[in-house]
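Those sequence lines, one after another, are chains A and B.
Residue numbering for the first sequence follows the numbering used here, beginning at 1 and increasing consecutively.
Residue numbering for the second sequence follows the numbering used here, beginning at 1 and increasing consecutively.
We treat Cβ as the ideally placed atom computed from N, Cα and C, and that holds for glycine.
Notes follow the structure.
2 protein chains.
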Amino acid sequence: MPVSKKESSACPIDAMLSVIDGRWKGTILWRLSERPMRTGELRRSIPEITERMLIRHLHELVHDGILVRRQTRTMPPCVRYSISPYGLTLVPVLEVICGWGRKHLQKKHG
Amino acid sequence: MPVSKKESSACPIDAMLSVIDGRWKGTILWRLSERPMRTGELRRSIPEITERMLIRHLHELVHDGILVRRQTRTMPPCVRYSISPYGLTLVPVLEVICGWGRKHLQKKHG
DNA sequence: TGCGGCACTGACAAAGTTGTCAGTGCCCTG
DNA sequence: CAGGGCACTGACAACTTTGTCAGTGCCGCA
Chain A
1 MPVSKKESSA CPIDAMLSVI DGRWKGTILW RLSERPMRTG ELRRSIPEIT
51 ERMLIRHLHE LVHDGILVRR QTRTMPPCVR YSISPYGLTL VPVLEVICGW
101 GRKHLQKKHG
Chain B
1 MPVSKKESSA CPIDAMLSVI DGRWKGTILW RLSERPMRTG ELRRSIPEIT
51 ERMLIRHLHE LVHDGILVRR QTRTMPPCVR YSISPYGLTL VPVLEVICGW
101 GRKHLQKKHG
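And the structure:
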C-alpha cells in the first residue's frame with residue numbers, strides 16, 4: 001500500500017526520504033506549513049495534482065504521523081489537514097534541503 | 001535518461017531530492033563519504049545492488065557534479081569515484097536527514 | 001586455451017508509481 | 001429535479017524505475 005518503495009529500510013536516510021517520497025509530498029507539506037487547509041482547497045492550490053494522488057499522499061502522511069486530519073461536520077464532510085507537532089520537527093529538515101536545492105538550481109541555470 | 005522523475009522541477013526541494021533520488025544513491029554517497037572507492041569495490045560493499053544500477057547511479061551523480069570519476073590506468077581499467085568539493089556541501093544536508101531519520105525509526109519501533 | 005576480473009552497455013522484462021475514469025452518499029443552489 | 005461540490009474509493013491503463021541477462025575488449029593466472 002505504500003507509495004514509496006523505501007518503506008521498510010533500516011537506513012535512516014531512506015527512512016526519512018520515505019516520508020517525503022512521493023511525487024507531490026514536498027509540495028503538500030510546503031503548502032500546509034503555511035496554514036492548515038481543506039482537501040479541495042489544497043487540490044486547487046496544486047493545479048497538476050490529481051485528487052486520487054492527493055488523497056493517497058495525505059493519508060500516508062497522516063499514517064506517518066506528519067499530518068493531522070480533522071473532520072469537523074459530518075454531512076457534507078469538511079476535512080482539514082494540518083501539520084502535527086511531530087511533523088513540525090520535519091520542517092527545519094525541509095528548510096535545509098530547500099536551501100541546498102536553491103543553490104543547486106542556481107548552479108545549473110546561472 | 002534520468003533515473004529520477006523530478007529532474008526538471010523548479011521547486012528547490014524537488015531539485016535537491018532529484019540528486020538523492022534513486023534506489024541506492026543514499027547508500028552510495030554514504031559509502032563514498034568515508035573514502036573514495038573503485039567501482040567493483042563499491043559494488044561488493046552493497047550486496048543487493050546490481051552492477052547496472054550502480055553504474056547508472058554513479059554516472060548520474062557525476063553528471064550532477066556530486067562525484068568525481070578518475071581513471072588512473074587504461075588497461076585493465078581502474079576507475080575511482082570520490083565525492084567532489086561540491087558534493088561535500090551535500091554531506092551536512094545528508095547528516096540532517098539522517099538525524100531525523102534515526103529519530104523516526106526509533107519512534108516507529110520503540 | 002580457458003577462466004575470471006575490470007568497467008561498462010544494450011535489449012528486454014518485472015516491479016513500482018502515477019494517472020484516468022467511473023462511482024459512492026449526502027447536501028445546496030438554481 | 002438537474003447539476004455541482006464534498007472527501008473518498010476501486011478497477012484499470014500508462015508511465016517510470018529496477019532488475020535480468022548477455023555481451024564488449026583487454027589483461028593475468030593456470
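Beta-carbon spacing of residue i, residue j below 8 Å
i: H104 (chain A); j: M37 (chain B); result: no
i: I97 (chain B); j: I46 (chain A); result: no
i: L42 (chain B); j: L94 (chain B); result: no
i: K25 (chain B); j: H57 (chain B); result: yes
i: T50 (chain A); j: V79 (chain A); result: no
i: M53 (chain B); j: R31 (chain B); result: no
Cβ neighbour criterion (16 or more within 10 Å) applied to residue i
i: G101 (chain B); result: buried
i: T27 (chain A); result: buried
i: V91 (chain B); result: exposed
i: M1 (chain A); result: The pLDDT assigned to M1 (chain A) is 34, lower than 50, so where the model puts this residue is not dependable; a value taken from the coordinates is nonetheless given after this. Result: exposed.
Three-way DSSP call (helix, strand, coil) for residue i in this model
i: L88 (chain A); result: helix
i: I83 (chain A); result: strand
i: R35 (chain A); result: coil
i: R23 (chain A); result: coil
i: I13 (chain A); result: helix
i: R102 (chain B); result: helix
i: P2 (chain B); result: Low confidence applies to P2 (chain B): its pLDDT is 37, below 50, so where it sits in the model is not reliable enough to give any reading.
i: S45 (chain A); result: helix
The segment 84 to 91 of chain A contacting the segment 63 to 71 of chain A, beta-carbon criterion three pairs below 8 Å: Contact between the segment 84 to 91 of chain A and the segment 63 to 71 of chain A is present, because at least three Cβ pairs lie under 8 Å.
Where the segment 80 to 107 of chain A meets chain B: residues whose CB sits under 9 Å from a CB there: Y86, T89, L90, P92, V93, L94, V96, I97, C98, G99, W100, G101, R102, K103, H104, L105, K107
Cβ-based contacts, 9 Å cut-off: residues of the segment 47 to 79 of chain A near chain B: D64, G65
Residues from the segment 8 to 20 of chain B in contact with chain A, defined by Cβ distance under 8 Å: A10, C11, P12, I13, D14, A15, M16, L17, V19, I20
Positions along the segment 25 to 39 of chain B whose CB lies within less than 9 Å of some CB in chain A: Cβ contacts with chain A come from G26, T27, L29, W30.
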